[in-house]
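Notes to accompany the following structure.
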Amino acid sequence: MSSHCHQVIDFVNNQLTEKEQQAFEHHLASCSECKKEVEELQALMQDLPFAATPIEPPADLKERVLAKVLEDDQPMVSEKVVPMLRKKNWYTPALAAALFLSVIANMYLISTNTDGEGQPTVIQSASLAPSDNSYQAFASIIGTEGGGQNLVIQASQLDELSGDEVYQVWLINEEGPIPTGSFTPDVSGNGTIVYNLSKDLQKVDWDQVAISIEPNPNSETPLGEVVLAGNL
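Counting from 1, one number per residue, gives the positions in the sequence shown under full-length UniProt numbering.
Right, here's the structure in full:
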């Protein structure tokens, strides 16, 4: 494996320096495996927002999350955050209509994949319902080649933040919430994050995913308002 192969997600997320990006693009010309992985991830990032019907989360979700935080006095270990992916606004009606047929085809192929080799698989997904705003977001846990899993979040129509504020993503089960990455939206109110789930996190049966506004990207438990949530 080339020394550049580990940079696939950073490349997709536009997190490489100009020099690193040029080197990786040169690497892509000779590495079919990385090229395929980049193309598949970019295709999934484009298609996922249209792939699920909105699910209304429980009305007491925020209270449950915050109650768990108050009773839990143990510090939580944060996974490495993969920063926001810069992306175009895929939510215009005209573009949504143009992509509709290709989205259906792509999601069908993913869901009916029989060889199980080299193809990303949607393990869990949910559209997130806003609390009292016009925010939109879609969450999906994607199985990758080699047994890995990524949590992919795409959001739109987000409000601009101030100072060090971030939108923080949380995976939630009966044990409470854990932080799974943070991001800030672009000038159009769109934001995307790809978060690598550790082997331990892959074994957990997650119930819900939520997004809150936090004062900084270092929150180990929710401190701010939960603005989006959905059942997995």
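C-beta: ideal position from N, C-alpha, C; glycine also.
- Of the residues Pro185, Pro217, Ala23, Cys5, the one whose Cα lies closest to the Cα of Asp164 is Pro217.
- Taking Ile213 as the centre and dropping the five residues before and after it, the same chain places the C-beta of Leu161, Glu165, Val166, Tyr167, Gln168, Gly224, Glu225, Val227 closer than 8 angstroms to its C-beta, in chain order.
- From the listed residues Leu171, Glu18, Gly230, Val187, the smallest Cα separation to Lys203 is found for Leu171.
- In its chain, beyond the 5 residues on either side, Val204, Asp205, Trp206, Asp207 have a beta carbon closer than 7 angstroms to the beta carbon of Asn173.
- DSSP places Leu201 in the helix class (H, G or I) of the three-state scheme.
- A Cβ-Cβ separation of about 14 angstroms leaves Leu158 out of contact with Ala139 under the 8 angstroms criterion.
- Ranking Gly191, Ser32, Ile142 by CA distance to the CA of Leu41 puts Ile142 first.
- Residue environment for Gly230: buried (at least 16 other C-beta atoms within 10 angstroms of its C-beta).
- According to the DSSP assignment, Ala155 belongs to the beta strand (DSSP E) that extends over 149-156.
- In the DSSP assignment, Val12 falls within the unbroken alpha helix (DSSP H) covering 8-12.
- Membership of Glu214 in the beta strand (DSSP E) is indicated by the continuous run 208-214.
- Separation of Lys19 and Ser30 (C-alpha to C-alpha, rounded to the nearest whole angstrom) is 18 angstroms.
- The continuous stretches of alpha helix (DSSP H) do not include Leu228, which lies in the beta strand (DSSP E) extending over residues 226-231.
- Exposure of Val187 is indicated by the presence of fewer than 16 other C-beta atoms within 10 angstroms of its C-beta.
- In terms of CA proximity to Gly147, Asn196 leads the group Gln21, Asn196, Val8.
- In this structure, Gln154 keeps its C-beta atom at 7 angstroms or more from the C-beta atom of Thr184.
- The alpha carbon of Thr121 has as its nearest neighbour, out of Ser131, Pro130, Glu145, Pro215, the alpha carbon of Glu145.
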